[in-house]
Each structure stands twice: as C-alpha cells, then as structure tokens.
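Accompanying notes for the structure given below.
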Amino acid sequence: MADAKERSRTYFNLHRGSRLARGGYWRHDYRFSLEELARLKPGELIDIGCGPGAFLCEVEKRFPEIRLSALDLSEEMIGVTRRRLRETAACTVGDAEHMPLASGQYDAVTCNMSIHHYPHPQDAVNEMYRILRPGGALLLNDMDCVRPVRALANVVFPLLPGGDVKMYERREIEHMLWNAGFRSARYRKISPFSFLCVAVK
55 MADAKERSRT YFNLHRGSRL ARGGYWRHDY RFSLEELARL KPGELIDIGC
105 GPGAFLCEVE KRFPEIRLSA LDLSEEMIGV TRRRLRETAA CTVGDAEHMP
155 LASGQYDAVT CNMSIHHYPH PQDAVNEMYR ILRPGGALLL NDMDCVRPVR
205 ALANVVFPLL PGGDVKMYER REIEHMLWNA GFRSARYRKI SPFSFLCVAV
255 K
C-alpha cells in the first residue's frame, strides 16, 4: 500500500485518454452532483482527484458563473484538464492528503471516484474540510456495493495497477466526515454501485 500513490500517478499519467480516465463509466453520477450544485450555488469550487476534468467540464457548461479549480496527483491529467477548461480555472498538481492550497478558499469541494485511491483517506477528508469556507459543502462520490462485492474488491484492489486501495462502506465514510469536523452529512445511494454524500462544514 505504501506505493499506491506512485502506482496511481504512473497509471493515470499513462492512461489519461482512456474511457475510464475520462469518466465514461461514472457520468451517470455527475447529474446528482450537478443537482446539488444548482441548490448550493457556490461561487468557488475545486474538484479533488479531477482526472482529465470530465466533471468540471460539465460544471463549466451548466454553471459558467462558478470559479473552478482542480487538483490531481497526475501531471498528465492536470495538463488535460487545463486544456479543456477556461483559462481562468486554477489547475494544480498535488496530493489530496497534503494539498498545496490555502485554508478556507472554497464554497464547494467535489471528489468523484477518487477516495478509493487514497492510502490515508482521513487525511484527505481533513484537507477537504480545511480548504472549505465555513458553511461550505463537500460532495463526495465513490463506489458503494453490496458487502460480498465490496469484500472481493478489497482483496483485488491492491493487485491492480491503478493504485486502488479500498472501497469504503457507509459507516467508514461517515466516520471520516465526523472526525474531520463536518457538522452534517447526507449519504445516499445513487446507483447499485455508487453513493453521493453531501457534508457541510
């Protein structure tokens, strides 16, 4: 697990153009996050583990008034994201567990299908909390399967080349959020394979 970050960075640097990297399998989930953003109306948003910017492109298209930022461990993914978004978007290469970002910058933080790559997810959630303004919201989207499938995935994940670490169950996600300091969290299944949790600082 120690080299999960390096395996993830290397894999996504090499596969930046793949359907998986471009979010092709998870676009169904984006609409739920977009609905939340329509309700929240953030002025400034950052997507953590942004990949090649597929989600941010959807945000930019629907909410051109939102100031967008992106962070990813993969230099190649950030390069693709930077080319796809407006010049005003701030795109940063960085580790989600140690973000090179100032505290209290954002009204909304999104993290789509990324937290299962993090060896120390509590550190990443703590960082997401830190960079949010008071009253800001975290939209956390990731995999959620029935227990036997999750158990099998967690045996297989360390063997995969993409730096996958663990699929977390609901109580683990909620525990991370409470530990980070979030004052409320709303968790819901949005497909047989995924969840969206909205947590407020």
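Counting from 55, one number per residue, gives the positions in the sequence shown under this note's numbering.
Quick reminder that beta carbons are idealized off the backbone N, C-alpha and C, glycines included.
Using a threshold of 8 Å, state whether the C-beta atoms of residue i and residue j are closer than that.
{"i": "Tyr160", "j": "Leu186", "result": "yes"}
{"i": "Ala239", "j": "Leu231", "result": "yes"}
{"i": "Asp196", "j": "Met167", "result": "yes"}
{"i": "Ala124", "j": "Thr135", "result": "yes"}
{"i": "Leu127", "j": "Ser62", "result": "yes"}
Select from the options the residue whose C-alpha is nearest the C-alpha of residue i.
{"i": "Lys95", "options": "Ile120, Asp196, Gly103", "result": "Ile120"}
{"i": "Glu90", "options": "Arg81, Ala191, Val179, Gly105", "result": "Ala191"}
{"i": "Ile132", "options": "Ile100, His229, Thr146, Asp218", "result": "Thr146"}
{"i": "Val200", "options": "Glu228, Tyr222, Phe109", "result": "Tyr222"}
{"i": "Asp83", "options": "Pro118, Leu214, Ser248", "result": "Ser248"}
{"i": "Glu151", "options": "Glu181, Gly216, Pro202, Leu139", "result": "Glu181"}
At what residues does the alpha helix (DSSP H) containing residue i begin and finish?
{"i": "Gly133", "result": "129-138"}
{"i": "Ala108", "result": "108-116"}
{"i": "Ala150", "result": "Run containing Ala150: none; DSSP gives neither H nor E here."}
{"i": "Tyr84", "result": "81-94"}
Could you pull the start and end residues of the beta strand (DSSP E) that residue i belongs to?
{"i": "Thr164", "result": "160-166"}
{"i": "Leu99", "result": "98-102"}
{"i": "Ser157", "result": "Neither: Ser157 is in no beta strand (DSSP E) and is coded neither H nor E."}
{"i": "Ala124", "result": "121-126"}
If you run the structure through DSSP and keep just helix, strand and coil, what is residue i?
{"i": "Glu60", "result": "helix"}
{"i": "Ala178", "result": "helix"}
Is residue i near the ligand NAP, with its Cβ less than 7 Å from a heavy atom?
{"i": "Arg138", "result": "Absence of the ligand NAP is noted for the structure shown, with no ligands found whatsoever."}
### Query
Which residue spans inside the region 181-249 form an unbroken beta strand (DSSP E) run of at least 3?
Annotation note: the region 181-249 contains the following uninterrupted beta strand (DSSP E) runs of length 3 or greater, listed N- to C-terminal: 186-197, 238-245.
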